[in-house]
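Asks:
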Amino acid sequence: MASIVSLLASLPEPVVQALSDELQGAMRESAVDNPLGYLRNLIERHKAGTLTLVYAPIIQAEREQCQGHESIVPQTARPSACQNPRTRKTSMPPNWRAGLNLPPSASKLRP
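Position one of the sequence shown corresponds to residue 4 (the working numbering), numbered consecutively onward.
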(Lines of atoms letter the chains of each structure in order from A; the text may use other names.)
(Lines give C-alpha, C1' and ligand atoms only; values in the text may rest on other atoms or scores of the structure.)
Protein backbone atom coordinates (compact mmCIF):
# COMPACT_ATOMS: atom_id res chain seq x y z
CA MET A 4 0.00 0.00 0.00
CA ALA A 5 1.40 3.41 -0.99
CA SER A 6 2.14 5.99 1.69
CA ILE A 7 0.06 9.15 1.98
CA VAL A 8 3.13 11.22 1.04
CA SER A 9 3.66 9.30 -2.21
CA LEU A 10 -0.06 9.48 -3.03
CA LEU A 11 -0.08 13.24 -2.48
CA ALA A 12 3.18 13.68 -4.41
CA SER A 13 1.52 12.16 -7.47
CA LEU A 14 -1.14 14.90 -7.53
CA PRO A 15 -0.92 18.52 -8.72
CA GLU A 16 -0.60 21.10 -5.94
CA PRO A 17 -4.13 22.56 -6.43
CA VAL A 18 -5.57 19.07 -5.95
CA VAL A 19 -3.51 18.52 -2.80
CA GLN A 20 -4.69 21.89 -1.48
CA ALA A 21 -8.33 21.06 -2.23
CA LEU A 22 -8.03 17.68 -0.50
CA SER A 23 -6.37 19.33 2.49
CA ASP A 24 -9.18 21.90 2.62
CA GLU A 25 -11.80 19.16 2.39
CA LEU A 26 -10.18 17.27 5.26
CA GLN A 27 -9.94 20.44 7.36
CA GLY A 28 -13.61 21.23 6.77
CA ALA A 29 -14.69 17.70 7.60
CA MET A 30 -12.66 17.77 10.80
CA ARG A 31 -14.25 21.09 11.73
CA GLU A 32 -17.79 19.82 11.13
CA SER A 33 -17.52 16.38 12.69
CA ALA A 34 -15.19 14.07 14.48
CA VAL A 35 -12.90 12.42 11.95
CA ASP A 36 -11.50 9.45 13.84
CA ASN A 37 -8.77 8.66 11.34
CA PRO A 38 -7.60 11.75 9.39
CA LEU A 39 -5.05 9.79 7.32
CA GLY A 40 -7.66 7.19 6.39
CA TYR A 41 -10.11 9.94 5.53
CA LEU A 42 -7.49 11.65 3.35
CA ARG A 43 -6.61 8.35 1.65
CA ASN A 44 -10.32 7.89 0.88
CA LEU A 45 -10.50 11.41 -0.59
CA ILE A 46 -7.49 10.65 -2.81
CA GLU A 47 -9.01 7.37 -4.01
CA ARG A 48 -12.35 9.04 -4.78
CA HIS A 49 -10.53 11.85 -6.63
CA LYS A 50 -8.59 9.36 -8.76
CA ALA A 51 -11.80 7.44 -9.49
CA GLY A 52 -13.52 10.68 -10.52
CA THR A 53 -16.22 10.32 -7.87
CA LEU A 54 -15.08 12.99 -5.41
CA THR A 55 -17.47 15.82 -4.61
CA LEU A 56 -15.89 18.62 -2.59
CA VAL A 57 -18.27 19.81 0.11
CA TYR A 58 -16.07 21.73 2.54
CA ALA A 59 -13.09 22.72 0.36
CA PRO A 60 -14.79 25.72 -1.33
CA ILE A 61 -15.76 27.10 2.08
CA ILE A 62 -12.26 26.70 3.51
CA GLN A 63 -10.75 28.24 0.36
CA ALA A 64 -13.08 31.25 0.55
CA GLU A 65 -12.22 31.79 4.21
CA ARG A 66 -8.49 31.58 3.45
CA GLU A 67 -8.78 34.07 0.59
CA GLN A 68 -10.87 36.44 2.69
CA CYS A 69 -8.34 36.31 5.52
CA GLN A 70 -5.37 36.73 3.19
CA GLY A 71 -6.93 39.95 1.92
CA HIS A 72 -7.05 41.26 5.47
CA GLU A 73 -3.40 40.57 6.25
CA SER A 74 -1.98 43.64 4.55
CA ILE A 75 -4.68 46.21 5.25
CA VAL A 76 -6.25 45.34 8.60
CA PRO A 77 -4.42 45.15 11.93
CA GLN A 78 -4.25 41.66 13.50
CA THR A 79 -6.68 42.59 16.29
CA ALA A 80 -9.35 43.80 13.85
CA ARG A 81 -9.49 40.70 11.64
CA PRO A 82 -12.65 38.57 11.54
CA SER A 83 -12.69 35.73 14.03
CA ALA A 84 -12.31 33.07 11.31
CA CYS A 85 -8.97 34.66 10.48
CA GLN A 86 -7.83 34.71 14.10
CA ASN A 87 -8.84 31.24 15.22
CA PRO A 88 -6.29 28.62 14.10
CA ARG A 89 -8.79 25.83 14.85
CA THR A 90 -11.19 27.13 12.21
CA ARG A 91 -8.68 28.29 9.62
CA LYS A 92 -5.36 27.23 8.15
CA THR A 93 -3.62 29.23 5.45
CA SER A 94 -2.79 26.23 3.28
CA MET A 95 -1.83 22.60 3.36
CA PRO A 96 0.35 21.67 6.34
CA PRO A 97 3.93 22.91 5.72
CA ASN A 98 5.44 19.46 6.21
CA TRP A 99 3.29 18.13 3.35
CA ARG A 100 4.35 20.90 1.00
CA ALA A 101 8.05 20.64 1.92
CA GLY A 102 8.24 16.88 1.51
CA LEU A 103 6.35 16.61 -1.76
CA ASN A 104 8.47 18.63 -4.22
CA LEU A 105 5.24 19.74 -5.86
CA PRO A 106 5.18 21.04 -9.44
CA PRO A 107 3.97 24.58 -10.19
CA SER A 108 0.25 25.06 -9.67
CA ALA A 109 -2.00 23.68 -12.37
CA SER A 110 -5.12 25.53 -13.43
CA LYS A 111 -7.62 22.68 -12.94
CA LEU A 112 -8.21 19.81 -10.60
CA ARG A 113 -7.93 16.57 -12.47
CA PRO A 114 -7.24 12.96 -11.58
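Glycine included, C-beta positions come from ideal geometry on N, C-alpha and C. As the structure is a computational prediction, the values presented were derived from the model and not from experiment.
Mind pulling the alpha helix (DSSP H) runs of 4 or more residues that sit fully within the region 17–77?
Replies: 38–51 and 59–73
Asks: Hey, out of Glu-67, Ile-46 and Ala-29, whose CA is closest to Ala-12's CA?
Replies: Ile-46
Asks: Give a yes or no on whether the C-beta atoms belonging to Ala-64 and Asp-24 are separated by under 7 Å.
Replies: no
Asks: Three-state secondary structure (DSSP) at Pro-14?
Replies: Note that residue 14 corresponds to Leu in the displayed sequence, not to Pro. Coil.
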